[in-house]
Structure formats: structure tokens, C-alpha cells
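Colleague: Using full-length UniProt numbering, you'd call the opening residue of the sequence shown number 1 and step up by one each time. Here's a structure for you.
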Amino acid sequence: SPGGDLGAKKKKKKQKRKKEKPNSGGTKSDSASDSQEIKIQPPSKNPTIPMQKLQDIQRAMELLSACQGPARNIDEAAKHRYQFWDTQPVPKLNEVITSHGAIEADKENVRQEPYSLPQGFMWDTLDLGNAEVLRELYTLLNENYVEDDDNMFRFDYSPEFLLWALRPPGWLLQWHCGVRVSSNKKLVGFISAIPANIRIYDSVKKMVEINFLCVHKKLRSKRVAPVLIREITRRVNLEGIFQAVYTAGVVLPKPVATCRYWHRSLNPRKLVEVKFSHLSRNMTLQRTMKLYRLPDVTKTSGLRPMEPRDIKAVQELTNSYLKQFHLAPVMDEEEVAHWFLPQEHIIDTFVVENSSGKLTDFLSFYTLPSTVMHHPAHKSLKAAYSFYNIHTETPLLDLMNDALIIAKLVRDSLLAVPSVSPNMYIGVYQTPHIFFHTVGGYFLLLTVKGRILIRGFFFLTLVAIFIINSVKGFDVFNALDLMENKTFLEKLKFGIGDGNLQYYLYNWRCPGTESEKVGLVLQ
1 SPGGDLGAKK
11 KKKKQKRKKE
21 KPNSGGTKSD
31 SASDSQEIKI
41 QPPSKNPTIP
51 MQKLQDIQRA
61 MELLSACQGP
71 ARNIDEAAKH
81 RYQFWDTQPV
91 PKLNEVITSH
101 GAIEADKENV
111 RQEPYSLPQG
121 FMWDTLDLGN
131 AEVLRELYTL
141 LNENYVEDDD
151 NMFRFDYSPE
161 FLLWALRPPG
171 WLLQWHCGVR
181 VSSNKKLVGF
191 ISAIPANIRI
201 YDSVKKMVEI
211 NFLCVHKKLR
221 SKRVAPVLIR
231 EITRRVNLEG
241 IFQAVYTAGV
251 VLPKPVATCR
261 YWHRSLNPRK
271 LVEVKFSHLS
281 RNMTLQRTMK
291 LYRLPDVTKT
301 SGLRPMEPRD
311 IKAVQELTNS
321 YLKQFHLAPV
331 MDEEEVAHWF
341 LPQEHIIDTF
351 VVENSSGKLT
361 DFLSFYTLPS
371 TVMHHPAHKS
381 LKAAYSFYNI
391 HTETPLLDLM
401 NDALIIAKLV
411 RDSLLAVPSV
421 SPNMYIGVYQ
431 TPHIFFHTVG
441 GYFLLLTVKG
451 RILIRGFFFL
461 TLVAIFIINS
471 VKGFDVFNAL
481 DLMENKTFLE
491 KLKFGIGDGN
501 LQYYLYNWRC
511 PGTESEKVGL
521 VLQ
């Protein structure tokens with residue numbers, strides 16, 4: 001999940017909290033701010049205090065909590081009051097945990113009626129198969145979701161990306177939970193859940209991943225977010241699921257792990273121009289561009305885009321590799337197909353096939369641009385987010401260097417030319433900026449925008465060449481320091497971000513773990 005850092009090497013993001021996947025953190029954008037949920041003593045139990053006085057006290061507490069702001073680290077969290085989260089089945093911040101298991105037993109009787117919203121609002125289950133409804137959700141998120149602290153960048157989840165993220169195998173319509181204004185039916189709030197099998201240490205649990213908690217900016221004082229959290233919990237409980245996993249850019253009770261985002265510049269000039277990053281001391285723009293320059297071609301032999309025939313092998317690689325981590329998904333073939341098969345502008349996956357036809361490794365990253373606000377020239381920042389990178393034979397450093405090259409150049413097409421013989425003329429294959437030439441069937445010349453990349457003689461019966469289009473490249477490549485990522489981040493010139501991403505479990509208690517033992521990535 002990109003929830004902990006909007007991608008700016010020097011910028012943190014404001015985020016929305018969720019009981020689940022607070023895809024992020026807090027401050028003004030913190031839709032699920034605990035300070036918005038205030039508990040007061042019922043008048044019947046305290047008859048000496050009039051209702052008006054109680055309401056005045058409640059408003060004063062809300063104002064005080066709002067001034068307090070979200071906790072960005074453990075020290076701030078220790079001074080923070082969590083009125084809402086203290087009512088939920090999550091560990092306390094100061095709790096020392098040595099056991100494993102549910103905090104509350106599974107409920108035998110789950111509330112059947114939806115929770116009450118503030119007056120003037122109504123529930124609406126969103127049918128994302130309806131293009132108009134999908135566009136409404138896109139607009140809500142685009143205008144009100146995660147921003148950096150300086151209001152310069154905001155995530156721009158495309159409608160197609162939202163369908164990928166919100167409709168994996170087993171998705172349920174009722175888990176796409178919206179809030180509308182009763183009078184004009186405007187969509188002003190949303191929260192989602194998707195099913196997943198998650199292994200926590202030695203236990204595999206059917207749970208949900210919570211994501212996309214968002215409340216319209218003008219309604220943040222209405223205490224809608226805590227009701228959204230309770231309502232999605234109720235709807236999930238109705239399906240017999242009582243655990244959830246989520247992430248947040250702020251500290252809540254209680255993180256099971258804390259990760260940090262790192263950023264690798266691919267287009268330094270643009271990143272500097274939009275103030276996403278800044279020139280280091282004694283560094284000119286030209287020297288910076290030279291520092292981050294990448295090769296034009298990948299290094300790993302047998303690297304190619306994933307295809308449907310690879311699903312079983314990718315599933316086996318994934319589940320076997322992820323067993324070494326304390327928090328990781330367990331995927332079936334249908335889930336692997338959904339999450340990894342390439343989709344343009346959404347997900348890219350490249351597998352490594354050795355000379356005997358066996359898949360040994362794969363890399364993957366998803367596409368999540370950000371809107372650049374208040375800039376005269378640049379309107380969008382194209383970011384690639386590291387997803388799952390599995391290696392058994394190829395060194396991870398080489399695999400990820402190839403990932404950067406691919407993200408910088410971006411694959412345009414794959415040419416497979418069968419039965420090339422010395423006396424066969426293949427001709428010239430052309431994309432907008434790329435030319436692939438064979439002369440007499442055995443001389444190959446590959447040029448990109450007039451620059452020769454490959455030139456040589458080939459006497460093979462099969463020629464397969466990746467054609468790269470450098471026009472559509474990403475501006476930045478983001479990665480968390482989870483799994484084995486720490487082994488390549490500095491070596492491949494990633495810069496550390498200043499935003500953390502906390503991982504949380506709902507209704508599950510277990511010891512905390514280090515970031516390198518986290519094997520789960522949420523969108």
C-alpha cells in the first residue's frame with residue numbers, strides 16, 4: 001500500500017485512517033481521526049449534569065483533540081488519546097504481547113441493522129460495475145484522498161485501477177460501502193474490504209484487507225469515519241470473518257510492524273521541477289541526471305512479461321518464497337491471475353524463464369500516478385510501486401535493477417520472430433519511436449529514437465526481442481523496506497522517505513515484527 005508516503009522523496013502524505021487499511025495517516029486528511037468519536041456519560045447515569053452541558057463538554061473535547069493532531073511516531077502516540085480505537089479489539093500501545101490469537105471471540109449474533117449515520121446522510125452500497133458509480137468513486141478519491149503535507153500531490157487512482165484493487169476473487173458488493181447526502185445523493189464517503197488469506201506467524205486466517213477510507217473534506221467534523229469503520233466491520237462479521245489487516249501512515253494502537261518508503265528517481269528533472277525532490281548540496285541538475293542514469297537494456301536472461309500459462313508456476317514461487325515472513329498472503333491460482341497478470345497502466349509482472357523452460361524468478365510493480373497540484377506545466381507524476389519480487393536463482397539486486405530499467409523505459413511490445421534463417425528477410429518493425437531491423441535474416445539492428453541499442457549477427461532459430469518505448473516511462477519507483485528489499489535499496493540509489501507505513505491487525509494479538517519479516521503489500 002502506498003499509504004505511508006505519497007512518493008515524494010522529501011514529502012510525507014496526509015492520509016486517511018481506516019480501521020483497516022487506513023491507507024494512510026492523519027492530519028486534515030485523517031478521515032478516521034479518533035478524536036472525532038467522543039464517548040460521553042448517558043444522562044440517565046449522571047442526572048446532575050444537564051444534556052446541554054454534556055454537549056458543550058463534548059464539543060470542547062473534539063476541538064482539543066483536533067488541535068492535538070495525529071501521532072506520527074511512538075512518542076507522539078504515547079501522549080495521544082484514542083477515544084475510538086480504545087473501544088475496538090486492538091492491542092493497547094503499551095501492551096507487551098507474547099501470545100497469539102483473537103482478542104475477541106467470533107460473534108454468534110451479529111447486528112443486522114446498519115449503524116446510524118449523522119442526520120442528512122444515507123448508506124449506499126456501490127456497484128462499481130456501473131460506470132457512472134465508478135466515476136463517482138474516482139472523483140471522491142481524486143479530490144479528497146491522500147495528499148502530502150504541503151498539498152502539492154494527491155493520489156490519482158484510475159477507475160481501472162480501482163476495479164483491480166476492489167474486485168479480486170471473492171469480492172462482495174456489500175463490502176463497497178458508500179455514504180451519500182440524503183438530499184442530493186452526492187457521494188461523500190467510502191470504505192472497502194476485500195477477502196484474503198493471511199498467514200500471521202504460524203496461523204493462516206481468512207480475513208479482509210480494509211482500504212480506501214475516505215470522507216469528503218467538508219464533512220470531516222461530522223464523525224462519519226468512525227461510523228464507516230463500524231459499519232464495514234459489521235458487514236464483514238455477517239460473512240463470518242472477524243479479523244482484518246490494514247495500514248496507516250500514523251501511529252494507532254497497536255502496530256504489528258512499521259515500514260519505511262524509499263524512492264528511486266527515474267526522471268530527476270521533472271521531480272525537481274515539481275518539487276517532489278530537491279538537488280543535493282553541490283549537485284547540479286546535470287550531475288543528478290547522470291547519477292540516476294540507467295542502462296537501456298535489461299541484464300537478466302530469459303526475462304519476459306508474465307502470461308496466463310505462467311499462473312501455476314508463479315503461484316508456487318510466491319507461496320513458497322513468502323513462507324519465510326511473519327505476515328504474508330497465501331494465494332490460490334485465481335488470486336495470482338488477478339493480482340499479477342499484466343494490465344496496462346495497472347500492473348506489470350515479468351518472469352524469468354531459464355533455458356530448460358522453468359520459471360525461477362519474477363518481479364512486479366503497480367502503477368499509481370499522483371496529481372500535481374498548482375504547477376503550470378506538469379499535471380501528473382507517474383509512480384511505479386514495487387509489489388512482489390520473488391527470486392530463487394537471479395540475484396535480487398539484478399532483478400530489481402531490471403525492474404528500474406523496465407519502469408524507466410516501459411515495455412511497448414514483444415516481438416517473437418520464429419524460424420529465422422540466414423536467407424530469410426524479416427524486414428523492419430516499427431513503433432512510434434523504435435525500429436527493429438533484420439538484414440538478410442541474420443543481422444539485427446535495434447534503435448530507439450535514432451539511437452542504436454543492439455547490433456549484431458544472430459544464427460538462432462528463434463529471436464525474441466523486447467521493444468522499449470522510452471516515451472511512456474515512470475518518473476519515480478517506490479518501494480517499502482519490507483521482505484528482502486533492504487538488500488538493494490541503497491545499492492540501487494533509492495533515497496529514504498520521511499513517512500512510515502504502519503501495519504495493523506484488527507481483532508488479532510501477536511508479537512510485533514521487523515519490516516524485513518513483512519511479506520504483505522497492500523495497494
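Ideal Cβ placement from N, Cα and C applies to all residues, glycine included.
Going by DSSP in three states, S386 sits in which element: helix, strand or coil?
Modeller: Note: S386 maps to strand in three-state DSSP.
Colleague: Does the ligand GTP have even one heavy atom less than 8 angstroms from the beta-carbon of V90?
Modeller: Of ligands this structure carries none, so the ligand GTP is not represented either.
Colleague: For L266 and G473, which I take to be in contact (beta-carbon distance under 8 angstroms), what is that distance rounded to the nearest angstrom?
Modeller: That belief holds up - the Cβ atoms of L266 and G473 are roughly 6 angstroms apart, short of 8 angstroms.
Colleague: Just checking my contact of S158 with H345 at CB under 8 angstroms: how many whole Å lie between their CB atoms?
Modeller: S158 to H345, Cβ: 7 angstroms. Contact.
Colleague: What beta strand (DSSP E) runs, 3 residues minimum, are completely inside the stretch 66-126?
Modeller: Runs of the beta strand (DSSP E) inside the stretch 66-126: 121-125.
Colleague: Opposite I200 in the DSSP bridges: which residues?
Modeller: Answer by DSSP bridge pairing, in chain order: S203, L327.
Colleague: When the Cβ atoms of the stretch 269-283 are set against those of the stretch 202-216, are three or more pairs found closer than 8 angstroms?
Modeller: Segments in contact, no.
Colleague: Going by alpha carbons, who is nearest to P70 out of A248, V236, Q119, L303?
Modeller: When each option's Cα is compared against that of P70, the closest is A248.
Colleague: Rank Y321, E273, P295 by C-alpha distance to the C-alpha of L285 and give the top, closest one.
Modeller: Nearest option by C-alpha distance: E273.
Colleague: Hey, D332 and P169: beta-carbon distance below 9 angstroms or not?
Modeller: In contact: D332 and P169 (Cβ atoms closer than 9 angstroms).
Colleague: Who are the near neighbours of V215 in its chain, counting only those whose CB is closer than 6 angstroms to its CB and skipping five residues on each side?
Modeller: Cβ neighbours of V215 beyond the five flanking positions: S31, G189, V224, A225.
Colleague: Between the Cα of R230 and the Cα atoms of F84, L137, N151, which residue gives the shortest distance?
Modeller: The shortest C-alpha separation from R230 is found at F84.
Colleague: In the structure shown, what three-state DSSP assignment does A377 receive?
Modeller: Of the three classes helix, strand and coil, the one that applies to A377 here is coil, per DSSP.
Colleague: Can you tell which of M289, L303, T392, A165 has the C-alpha that lies nearest to the C-alpha of L522?
Modeller: Nearest C-alpha to L522: A165.
Colleague: Would the beta-carbon of P255 fall within 9 angstroms of that of R509?
Modeller: Against a cut-off of 9 angstroms, the Cβ pair of R509 and P255 comes out as no contact.
Colleague: Go through the stretch 157-195 residue by residue and report every complete run of the beta strand (DSSP E) that reaches 3 residues or more, in order.
Modeller: Fully enclosed beta strand (DSSP E) runs of 3 or longer: 176-181.
Colleague: Among F362, K275, V250, N354, which one has its Cα closest to the Cα of residue 599?
Modeller: Lying outside 1 to 523, the shown extent of the chain, residue 599 is not represented and no answer is given.
Colleague: Between L303, V146, Q174, which has its C-alpha nearest V372's C-alpha?
Modeller: Comparing Cα-Cα distances from V372 to each of L303, V146, Q174, the minimum goes to V146.
Colleague: Going by the beta-carbon positions, is the gap between W262 and I496 smaller than 9 angstroms?
Modeller: A contact, by the Cβ cut-off of 9 angstroms.
Colleague: Could you have a look at F457 and say whether DSSP puts it in helix, strand or coil?
Modeller: Confidence at F457 is low in this model, with a pLDDT of 42, below 50, so the placement of that residue should be treated as unreliable; the coordinate-derived value is given next. Three-state DSSP puts F457 in a strand.
Colleague: Just list the residues that DSSP pairs D348 with in beta bridges.
Modeller: Paired residue(s): F365.
Colleague: I need the straight-line Cα distance from L219 to V245, nearest angstrom please.
Modeller: When rounded, the distance between both Cα atoms is 26 angstroms.
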